[in-house]
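Below: one structure, written as structure tokens.
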Amino acid sequence: MEEAKMAQKLVIFGKEDMDDMKKELVERLKAFLYREDNLSLVGIAASQEEIASAQERLNVSFHADYVHFIQTFGGAYAGLAVHAFSNGSSIGKETVVELTLEFREQFEGSPFAELLESSYVISMDGSGDPIIINPDGQVLICYHDNGEMKQLADSFEALIEDCFLEW
Numbered sequence: 001m002e003e004a005k006m007a008q009k010l011v012i013f014g015k016e017d018m019d020d021m022k023k024e025l026v027e028r029l030k031a032f033l034y035r036e037d038n039l040s041l042v043g044i045a046a047s048q049e050e051i052a053s054a055q056e057r058l059n060v061s062f063h064a065d066y067v068h069f070i071q072t073f074g075g076a077y078a079g080l081a082v083h084a085f086s087n088g089s090s091i092g093k094e095t096v097v098e099l100t101l102e103f104r105e106q107f108e109g110s111p112f113a114e115l116l117e118s119s120y121v122i123s124m125d126g127s128g129d130p131i132i133i134n135p136d137g138q139v140l141i142c143y144h145d146n147g148e149m150k151q152l153a154d155s156f157e158a159l160i161e162d163c164f165l166e167w
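Read in order, the letters of the sequence shown correspond to residues 1 to 167 in full-length UniProt numbering.
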């Protein structure tokens, strides 16, 4: 049983998963985020230990494109603030774990409660609405004012492709 868990973790962090995000998109992000005037927008790369611990604590599996992003950039700006563990100073200090647990508590008993138990919060919009990745890898926003949800993208990578513009 323990071997099966280890094998699953190796697949999660295997080389094939690290190629999930398109190289062109990753290179654009690197060129933008690693400019000297943008260093406050990029965090410290997430470790495998941080990722495994967070997944266990939240009882979720992070999707490969999100893992690739946070292992490359940490919590960083990519058209929206993407939270991880060590975020860029302009992003804020809230981790993906803290945000997820906070919104799970805040939305307990709401239409979002069940979905939030199996998802994780990667960002918030300007109104404080959580942006989540669900078990299917889709990115959704949960509007706390009216109880509605809206799909923003089919995947984390698609979200970044849609939102990220260099300046």
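Even for Gly, the Cβ is constructed at its ideal location relative to N, Cα and C.
Measuring C-alpha to C-alpha distances from S119 to each of N59, G92, H83 and M149 identifies N59 as the nearest.
In terms of Cβ geometry, S155 and G126 do not form a close pair [threshold 8 Å]. Judged by DSSP secondary structure, A52 falls within the alpha helix (DSSP H) whose first and last residues are Q48 to L58. Selection L80, E49, A46 and D129 evaluated against R104 yields D129 as nearest (Cα-Cα).
Nearest in C-alpha terms to Q55, of all of G79, V121 and V42, is V121. DSSP places N146 outside both helix and strand once states are collapsed to three, so it counts as coil. When rounded, the separation of the alpha-carbon atoms in H83 and V139 is 14 Å.
Taking C-beta atoms as the reference points, L80 and C142 fail to come closer than 8 Å. Per DSSP, I44 lies in no beta strand (DSSP E) and is assigned neither H nor E.
Between S86 and S40 the beta-carbon gap is near 13 Å, outside 8 Å, which marks them as no contact.
In this structure, I133 is the residue among S110, I133 and F73 with its C-alpha nearest to the C-alpha of L99.
Under the DSSP assignment, I160 falls in the alpha helix (DSSP H) whose first and last residues are F156 to C163.
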